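A.B. asks:
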Amino acid sequence: MLITKEIEVASEKENFRKIMDQVFPGVWASNIPGRAKNALPVQIRLKEGGQPVRVKQYPLKKEDIEGVSPIIENFLQLGLLRECQSDFNTPILPVKKPDGSYRLVQDLRAVNKVTEDLYPVVANPYTLLTRLTPELTWFTVLDLKDAFFCLPLHEASQKIFAFEWESPKTGRKTQLAWCVLPQGYKNSPTIFGEQLAKDLESWEPPPGEGQLLQYVDDLLITTWTQETCVDWTVSLLNFLGLQGYRVSQKKAQMGRQTVIYLGYEVSAGQRTLGQDRKEAICQTPKPQTVKELRTFLGMTGWCRLWIYNYGLLVKPLYALITEGSRDLQWTKDATRAFNQLKKALMSAPALGLPT
Numbered sequence: 001m002l003i004t005k006e007i008e009v010a011s012e013k014e015n016f017r018k019i020m021d022q023v024f025p026g027v028w029a030s031n032i033p034g035r036a037k038n039a040l041p042v043q044i045r046l047k048e049g050g051q052p053v054r055v056k057q058y059p060l061k062k063e064d065i066e067g068v069s070p071i072i073e074n075f076l077q078l079g080l081l082r083e084c085q086s087d088f089n090t091p092i093l094p095v096k097k098p099d100g101s102y103r104l105v106q107d108l109r110a111v112n113k114v115t116e117d118l119y120p121v122v123a124n125p126y127t128l129l130t131r132l133t134p135e136l137t138w139f140t141v142l143d144l145k146d147a148f149f150c151l152p153l154h155e156a157s158q159k160i161f162a163f164e165w166e167s168p169k170t171g172r173k174t175q176l177a178w179c180v181l182p183q184g185y186k187n188s189p190t191i192f193g194e195q196l197a198k199d200l201e202s203w204e205p206p207p208g209e210g211q212l213l214q215y216v217d218d219l220l221i222t223t224w225t226q227e228t229c230v231d232w233t234v235s236l237l238n239f240l241g242l243q244g245y246r247v248s249q250k251k252a253q254m255g256r257q258t259v260i261y262l263g264y265e266v267s268a269g270q271r272t273l274g275q276d277r278k279e280a281i282c283q284t285p286k287p288q289t290v291k292e293l294r295t296f297l298g299m300t301g302w303c304r305l306w307i308y309n310y311g312l313l314v315k316p317l318y319a320l321i322t323e324g325s326r327d328l329q330w331t332k333d334a335t336r337a338f339n340q341l342k343k344a345l346m347s348a349p350a351l352g353l354p355t
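When the letters of the sequence shown are read in order and numbered with full-length UniProt numbering, they come out as residues 1 to 355.
1) Using the beta-carbon count (16 or more within 10 Å), is residue 242 buried or exposed?
2) Excluding sequence positions up to five away, which residues of its chain have a Cβ less than 7 Å from the Cβ of residue 125?
3) Pull up the distance between the alpha-carbon of residue 164 and that of residue 103, whole angstroms please.
4) Count Cβ pairs between the region 73-93 and the region 174-187 that sit closer than 8 Å; are there 3 or more?
5) Starting from the C-beta of residue 355, find all residues in its chain whose C-beta is less than 8 Å away, skip the five residues before and the five after it, and write them out in chain order.
6) From 109, 233, 147 and 185, pick the residue whose C-alpha is nearest to that of residue 157; which is it?
7) In three-state DSSP terms, what is residue 28?
8) Answer with buried or exposed for residue 74, where buried requires no fewer than 16 other C-beta atoms within 10 angstroms of its C-beta.
9) Between 117, 253, 123 and 64, which lies nearest to residue 105 when the distance is taken from Cα to Cα?
10) Grab the span of the alpha helix (DSSP H) containing residue 333 for me, first residue to last.
11) DSSP puts residue 177 in a beta bridge; with which residues?
12) Below 7 Å between beta carbons: does that hold for residue 47 and residue 114?
13) Indicate whether residue 173 and residue 88 have their beta-carbon atoms separated by less than 7 Å.
14) What is the rounded straight-line gap between the Cα of residue 127 and the Cα of residue 138?
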């Protein structure tokens with residue numbers, strides 16, 4: 001068993017080397033986001049009767065301002081942000097990561113309420129992997145970096161996503177607006193997913209049996225043979241680079257027999273729940289509000305294929321959700337169901353792929 005694993009690891013390293021030797025270096029993400037060359041500027045429309053929203057920026061800690069300031073300065077230099085004067089405003093929230101770096105988050109809930117809804121044509125992860133067959137034994141997973149930033153935002157729509165910013169260096173207050181499709185906007189996954197899918201239609205894979213699956217900005221190549229997997233991976237990476245997209249080299253899983261895709265562990269003929277997904281759900285504390293319970297049920301819903309009698313098991317939990325109520329009144333049946341769901345996840349079996 002150990003020898004087999006060592007051979008597999010050596011094979012994966014060789015595949016990685018072959019791929020890297022043939023790939024256009026510009027496809028790999030750097031500090032400069034890509035720009036999809038075929039994408040037209042995205043126009044955002046307000047709902048009928050929709051009015052500008054003005055949500056004041058709440059006070060931020062000095063360390064948070066200083067932590068996110070380099071990000072904003074970099075985005076201004078790259079043309080992702082610009083100064084503006086807008087009748088819209090929504091607050092930002094600097095989020096500190098475990099490694100001490102920061103992430104810029106904008107609270108766009110108010111904007112999401114007044115802008116038109118798009119029908120979500122995003123693939124359903126619940127059914128996407130059912131397209132895999134046991135003959136597909138080699139895999140590559142590619143994660144596009146800063147994907148939404150690849151799409152330009154129409155100038156007339158940029159003011160909708162304005163936020164207030166006070167430079168810690170100069171003390172000058174101004175409004176900044178996104179020049180690209182922002183994260184946190186409700187339609188961004190659908191808009192980006194459609195653009196990428198449209199571009200991928202013109203990709204012609206090399207000879208060999210295989211499939212390409214897409215979930216927003218996450219791509220899965222799966223083929224019958226090792227050689228085909230390497231060829232397809234090289235071809236797709238070069239295609240993406242020429243189209244203006246950028247791929248995270250750190251997250252790439254290339255030419256492997258087992259990969260993690262959308263939180264699932266996929267290998268020849270089967271798929272299992274990834275350990276990270278299991279642990280994230282099982283470490284979730286008992287929800288205290290309807291919103292928290294809905295989030296928990298959404299997480300477990302992704303895993304329903306692995307949970308016997310899932311529909312019956314969650315009934316007591318759905319019974320807690322009453323219209324107009326915010327807080328939960330836990331029952332013995334609901335508590336039992338909550339614990340049984342976690343237990344079922346930890347013992348979830350591997351599922352065979354359709355034949």
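Every residue, glycine too, gets a C-beta built ideally from N, C-alpha and C. Since the structure is predicted, the reported quantities are computational estimates derived from the model, not experimental observations.
C.D. replies: The structure says:
1) Counting from one through the sequence shown, the residue named residue 242 turns up at place 242. Answer is exposed; the Cβ neighbour count stays below 16.
2) Counting from 1 along the sequence shown, the entry for residue 125 is found at position 125. Taken in chain order, the residues that qualify are 215, 262 and 302.
3) By 1-based counting over the sequence shown, the position of residue 164 is 164. By 1-based counting over the sequence shown, the position of residue 103 is 103. Answer to the nearest angstrom: the Cα atoms are 17 Å apart.
4) yes
5) Translated into positions along the sequence shown, residue 355 becomes position 355. Low confidence applies here, because residue 355 scores a pLDDT of 48, under 50, leaving its location unreliable; read the following figure in that light. Closer than 8 Å at Cβ, skipping near neighbours: 133 and 134.
6) Here the question's residue 157 lines up with position 157 in the sequence shown. When each option's Cα is compared against that of residue 157, the closest is 185.
7) In the sequence shown, the residue the question calls residue 28 occupies position 28. Strand, per DSSP.
8) Locating residue 74 in the sequence shown gives position 74, where the first residue counts as 1. Under this definition residue 74 is an exposed residue.
9) Residue numbering aside, residue 105 sits at position 105 when the sequence shown is read from its first letter. Checked all of 117, 253, 123 and 64; the closest Cα to residue 105 is 64.
10) Start at 1 with the first residue of the sequence shown, and residue 333 comes out as number 333. Counting along the chain, the alpha helix (DSSP H) containing residue 333 begins and ends at 332-346.
11) As a position in the sequence shown, residue 177 is number 177, starting the count at 1. Answer is 82.
12) The residue given as residue 47 occupies position 47 in the sequence shown. The residue given as residue 114 occupies position 114 in the sequence shown. Yes.
13) As a first step, residue 173 is located in the sequence shown; it is residue number 173 there, counting from the start. As a first step, residue 88 is located in the sequence shown; it is residue number 88 there, counting from the start. No, the Cβ-Cβ distance between residue 173 and residue 88 is not below 7 Å.
14) Here residue 127 corresponds to residue number 127 of the sequence shown, with the count starting at 1. Here residue 138 corresponds to residue number 138 of the sequence shown, with the count starting at 1. The straight-line gap from Cα to Cα measures roughly 20 Å.
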